[in-house]
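One structure is given below, encoded as C-alpha cells.
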Amino acid sequence: MKKVLLSVIGVAVAGALIAPTFIGQNAEREVKAIADAIDANPAYTVEIASYERSWFSSRGVLTVSMELPMPQPDGSTEVMTLDSGEMLLELQHGPVLTQFDGGLGLLSWQLTANDDNKRTSLNWSEDQALYQLTGSMGLTGNATYDDQIADVNYRSADGDFIVEMSGYRGNGTFGNDAFSYSGSHKTLVMGEASDPATITGIDLQTSANGSLIDALNGELLESEIVLSVANATQSGEEVLSGFAMTAGSELAETGDTLSVNVNTAVEAAQLPSGTASNLVMNVSFSRIDKEFTQAYQQLVNSTYGQPQEVMQQQLTALFEQYQQQVLAAKPEFSITELSGDLPKGSFSGQANVTFADIATIPANPTTDFWLQHILAEGAIEAAKPLVKDALRLQLQTVLAQQMPNQDVNSEQFQAMIEQQVEQVIAVYLQQGFIVENEQQYQSAVELKQGSLMLNGKQLPLM
0 MKKVLLSVIG VAVAGALIAP TFIGQNAERE VKAIADAIDA NPAYTVEIAS YERSWFSSRG
60 VLTVSMELPM PQPDGSTEVM TLDSGEMLLE LQHGPVLTQF DGGLGLLSWQ LTANDDNKRT
120 SLNWSEDQAL YQLTGSMGLT GNATYDDQIA DVNYRSADGD FIVEMSGYRG NGTFGNDAFS
180 YSGSHKTLVM GEASDPATIT GIDLQTSANG SLIDALNGEL LESEIVLSVA NATQSGEEVL
240 SGFAMTAGSE LAETGDTLSV NVNTAVEAAQ LPSGTASNLV MNVSFSRIDK EFTQAYQQLV
300 NSTYGQPQEV MQQQLTALFE QYQQQVLAAK PEFSITELSG DLPKGSFSGQ ANVTFADIAT
360 IPANPTTDFW LQHILAEGAI EAAKPLVKDA LRLQLQTVLA QQMPNQDVNS EQFQAMIEQQ
420 VEQVIAVYLQ QGFIVENEQQ YQSAVELKQG SLMLNGKQLP LM
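Per numbering that gives the first Met the number 0, the very first residue in the sequence shown carries number 0; after that it's consecutive.
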C-alpha cells in the first residue's frame, strides 16, 4: 500500500513538474493567435516586441496601436494614431498557481500598460498602472479576469480640448463556447476645456456564444450588448438622463441567416424647445444572409481609411453580386416602436419593409421592378400641437432664408407663419396626406405590388 501511495505521489509530482512546459507552449500559441487576430483588423496594429518562455512562467512585451480616419473640412481624410505604449504581459503556468490569481488552474496572467513615455500627454497617479488586467484559467479551460483603468487626464497641446476619465472597472469570462464582459465608468469629462460635457454612470455589458478568438477573427456570433448612461450634463445643465441601448444578434437554426435587434430608450433629453421624455426607438433586421454579411465585413476591412466613394462603389458591386441570394432569404426591416413625449405632445409610429417572392432578378432591374416587389407599411400619429409646432419651425427656417432682411421675431412675421401653418395643415387634410381625430393627426401608408395606399386612398407612384 505504501508503495502504491508513493507511486501515486510520484506521478502527481512529476505531472506538476512536467505540465507547466506544455501549458506554457499552448499559452504562447494562444497569445500569438490573439495578437494576429487583432492585428488583422485594419484599424489596429499589434506588435510583440519580445516573448520569453521558461518552465514555470512566460514574459512578453507588446504594443497596440489604433488608426482612426478623421474627415477634414476639405473632404480629405487624416489619420490619427493612438497607441498603448509598451505593455508587459506576465504569465504563470499551472497547475499550481501562486501569482496574480492563485489556486489550481492552467494559467494565471497580468497585462500591464504603464509606459512612462505616455506621461508626456497623459497624467495619472505614479503608484498606479495606467491599465491593468489580471486573470486566470481553470483546469477546465474557462477563464475569468478583471481589468481597470487609472484615473487619467488628457489636455491637447493648445489646451483647448480635455478628456478626464475616472473610476473604470471591468470583469469578464471566456471559454471555448462563450465569453462575457461588463465594465462601468464613474465619470467621463470631455470637450472644449471652457465648457466640457460630463457623462456619469456609464455601464457596458456584453456576452456572446462562441470563443473569444472566433469573435476577434470576425466570425458572426449570437451576442448581446447593453450600454447605459445615467446622465450627461453641459454648462451645468442636464442634457440627457437614463439612456439605455440593447443590441442583440441571433442566428437562424439553419445557420445561414442572422437577425439583429437594436432597442434604444432615453428617459429625458433636453431640446431647444424643452424637455423630451420617454423616447423609444426599437429596430430589427431579420433574415440577413450570413454569407453576404461576412463578405460585407471583409469589404469594410479592405476599404478602411479609403475615400467614401471607393467604398460606395465596391459596396454597390458587392450587392449586385449577392442580391439574388440576399433577397431569397426574405430580409425584413422593422421599426417596431418609435415614440416619445415632447413639450407639445406625444408621438408614436412603426414601419416595416420586406420583399415579395422574387424568382429571378433581371440583369438591369428597373425602378418599376423594385416597386412591384417591395412590401412596405408604416403609420405615425402625433398630437396636433406637436405637428403644428414642427411645421412652424420648418416654415420659419425656410422663410427666414428666403427673406433675410425680415425680422423673424416680429409680430408680423410670426402672424404670417401661423397663417401658413394653418393653410398647410388644411391642404394636407384636403389631399388626404393626414387624417385627424380630436387630439391627433395620423397617417398610414402601404406599398404592395406597385400600388401605394395613403390613409386608405390609392396614389400614383410614377
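We treat Cβ as the ideally placed atom computed from N, Cα and C, and that holds for glycine.
(request) Keeping to the same chain, check which residues put their C-beta closer than 7 Å to that of S450; ignore five residues upstream and five downstream. (result) Along the sequence shown, read from residue 1 onward, the residue named residue 450 stands at position 451. Answer for S450: Q457, listed in chain order.
(request) Please specify which runs of the alpha helix (DSSP H), each continuous and at least 4 residues long, are wholly inside the stretch 205 to 245, giving them in chain order. (result) 211 to 215
(message) Check this for me: beta carbons of S283 and S333, under 7 Å apart or not?
(response) Translated into the one-based positions of the sequence shown, residue 283 becomes position 284. Translated into the one-based positions of the sequence shown, residue 333 becomes position 334. Taking 7 Å as the Cβ cut-off, S283 and S333 qualify as a contacting pair.
(request) Give the DSSP-derived three-state secondary structure of L87 in the structure shown. (result) Reading the sequence shown from its first residue, position 88 is the one you call residue 87. Residue state, collapsed to three classes: strand.
(request) Below 6 Å CB to CB, which residues in the same chain sit around G464 once its five sequence neighbours on both sides are set aside? (result) For the chain, the structure presents residues 0 to 461; residue 464 sits outside this window and is missing.
(request) Express the C-alpha separation of Y440 and P68 in angstroms, rounding to a whole number. (result) The residue labelled residue 68 in the question sits at position 69 within the sequence shown. The residue labelled residue 440 in the question sits at position 441 within the sequence shown. Spanning the two alpha carbons is a distance of roughly 44 Å.
(message) Nearest by alpha-carbon distance to N216: which of A34, I22, E421, G23 is it?
(response) Walking along the sequence shown from the start, residue 216 turns up at place 217. Comparing Cα positions, the closest option is A34.
(request) Can you check the stretch 90 to 117 for any beta strand (DSSP E) of at least 3 residues that lies completely inside it and give the ranges in chain order? (result) 106 to 112
(request) Any chance you could list the beta strand (DSSP E) runs of at least 3 consecutive residues sitting entirely within the stretch 389 to 451, in chain order? (result) 439 to 447
(request) Figure out for me which residue from Y180, H184, E236, V188 has the closest Cα to the Cα of L211. (result) As a first step, residue 211 must be located in the sequence shown, where it is residue number 212. If we check each option's Cα against that of L211, Y180 comes out closest.
(message) Which same chain residues end up closer than 7 Å to M0 when comparing Cβ atoms and leaving out the 5 residues on each side of it in sequence?
(response) Stepping through the sequence shown from its first residue, residue 0 is reached at position 1. Reliability fails at M0, whose pLDDT of 40 lies under 50, so the model's placement of it is uncertain and the value that follows must be treated cautiously. Nothing meets the Cβ criterion.
(request) With DSSP collapsed to three states, give me the class of K31. (result) For the purposes of this step, residue 31 is identified with residue 32 of the sequence shown, where counting begins at 1. Looking at K31 - three-state DSSP - the assignment turns out to be helix.
(message) By alpha-carbon positions, which one of D126, N116, G93, N122 ends up nearest to L134?
(response) The residue labelled residue 134 in the question sits at position 135 within the sequence shown. The sequence shown places Gly at residue 134, rather than the Leu named in the question. Nearest of D126, N116, G93, N122 to G134, Cα basis: G93.
(request) With a 10 Å radius around its C-beta and 16 neighbouring C-beta atoms as the bar for buried, classify S409 as buried or exposed. (result) Counted from its first residue, the sequence shown places residue 409 at position 410. Burial call: exposed.
(request) Reducing DSSP to helix, strand and coil, say where L4 ends up. (result) Along the sequence shown, read from residue 1 onward, the residue named residue 4 stands at position 5. Reliability of the predicted coordinates at L4 is poor, the pLDDT of 32 falling under 50, and the value obtained from them is presented with this limitation in mind. Three-state result, L4: helix.
(message) Applying the 10 Å Cβ sphere with the 16-neighbour rule, what's the burial state of G455?
(response) Stepping through the sequence shown from its first residue, residue 455 is reached at position 456. With fewer than 16 other Cβ atoms within 10 Å, it is exposed.
(message) Quick check on DSSP: helix, strand or coil for D255?
(response) Taking the sequence shown and counting its residues from 1, one reaches residue 255 at position 256. Coil at D255, not helix or strand.
(request) From the DSSP output, read off the bridge partner residues of Q349. (result) Here the question's residue 349 lines up with position 350 in the sequence shown. BP columns for Q349 point to A378.
(request) Closer than 7 Å by C-beta to L187: which residues in its own chain qualify, once you throw out the five before and the five after it? Chain order, please. (result) Counting from 1 along the sequence shown, the entry for residue 187 is found at position 188. For L187, where only same-chain residues beyond five positions count, the Cβ hits under 7 Å are M164, I198, I201.
(request) Grab the span of the beta strand (DSSP E) containing W123 for me, first residue to last. (result) Taking the first residue of the sequence shown as 1, we reach residue 123 at position 124. Unbroken beta strand (DSSP E) run through W123: 121 to 123.
(request) Leaving aside the five residues before and after L341 along the sequence, list all residues of the same chain whose C-beta is less than 6 Å from its C-beta, in chain order. (result) Stepping through the sequence shown from its first residue, residue 341 is reached at position 342. Counting only Cβ-Cβ distances below 6 Å, and skipping sequence neighbours, we find A275, L385.
(message) If you measure between the beta carbons of E84 and G137, is that distance less than 7 Å?
(response) If you number the sequence shown from 1, residue 84 lands on position 85. If you number the sequence shown from 1, residue 137 lands on position 138. In the sequence under discussion, the amino acid at residue 84 is Gly, which differs from the Glu named in the question. It is not a contact, given that the beta carbons lie outside the stated cut-off.
(request) Evaluate the contact criterion for the stretch 407 to 425 versus the stretch 359 to 375: three or more CB pairs, one atom per stretch, below 8 Å. (result) no
(request) Compute the Euclidean distance between the alpha carbons of I373 and F354, then round it to the nearest angstrom. (result) Position 374 of the sequence shown, counted from the start, is the residue given in the question as residue 373. Position 355 of the sequence shown, counted from the start, is the residue given in the question as residue 354. In a straight line, the C-alpha of I373 is about 5 Å away from that of F354.
(request) Under 7 Å Cβ to Cβ from A11, same chain only, skipping five residues before and after it: list those, please. (result) By one-based count along the sequence shown, residue 11 stands at place 12. Confidence at A11 is low in this model, with a pLDDT of 34, below 50, so the placement of that residue should be treated as unreliable; the coordinate-derived value is given next. No residues qualify anywhere along the chain.
(message) Between the alpha carbons of D213 and E46, how many angstroms are there, rounded?
(response) For the purposes of this step, residue 213 is taken as residue 214 along the sequence shown, with counting starting at 1. For the purposes of this step, residue 46 is taken as residue 47 along the sequence shown, with counting starting at 1. Going by the C-alpha atoms only, they are around 20 Å apart.
(message) Since L298 and Q313 should fall inside the 8 Å C-beta cutoff, what is the C-beta to C-beta distance between them, to a whole number of angstroms?
(response) One-based indexing of the sequence shown puts residue 298 at position 299. One-based indexing of the sequence shown puts residue 313 at position 314. Indeed they touch by this definition, with Cβ atoms about 6 Å apart.
(request) Could you tell me the boundaries of the beta strand (DSSP E) in which D145 lies? (result) The residue you call residue 145 lines up with position 146 of the sequence shown. Note, D145: beta strand (DSSP E), 142 to 148.
(message) Spatial neighbours of L5 within its chain, please: C-beta separation below 7 Å, excluding the five flanking residues on both sides.
(response) Numbered from its first residue, the sequence shown carries residue 5 at position 6. Model confidence at L5 stands at a pLDDT of 31, short of 50, so the residue's coordinates are unreliable and nothing is read from them.
(request) From the DSSP output, in three-state form, read off K387 for me. (result) What you label residue 387 is simply residue 388 of the sequence shown in a count that begins at 1. Helix.
(request) Using the DSSP secondary-structure output, state which residues sit across from D132 in a beta bridge. (result) Stepping through the sequence shown from its first residue, residue 132 is reached at position 133. For clarity, residue 132 is Leu in the given sequence; the question names Asp instead. For L132, which the question treats as bridged, DSSP gives the partners L110, D146.
(request) Pick out whichever of T359, G235, K343 has its Cα sitting closest to the Cα of I272. (result) Taking the sequence shown and counting its residues from 1, one reaches residue 272 at position 273. The residue asked about is misnamed: residue 272 is Ser in this sequence, not Ile. For S272, the nearest C-alpha among the options comes from K343.
(message) Is the separation between the beta-carbon of G174 and that of N141 shorter than 7 Å?
(response) Taking the sequence shown and counting its residues from 1, the one referred to as residue 174 is at position 175. Taking the sequence shown and counting its residues from 1, the one referred to as residue 141 is at position 142. Taking 7 Å as the Cβ cut-off, G174 and N141 qualify as a contacting pair.
(message) Would you call the stretch 233 to 253 in contact with the stretch 301 to 319, where contact means no fewer than 3 C-beta pairs closer than 8 Å?
(response) no
(message) Is it buried or exposed, T256, if we count other Cβ atoms within 10 angstroms and call 16 or more buried?
(response) The residue you call residue 256 lines up with position 257 of the sequence shown. The residue is buried, with at least 16 neighbouring Cβ atoms inside 10 Å.
(message) Quick check on K185: does DSSP put it in helix, strand or coil?
(response) Residue mapping note: residue 185 aligns to position 186 of the sequence shown, counting from 1. In this structure, K185 counts as strand in the three-state DSSP scheme.
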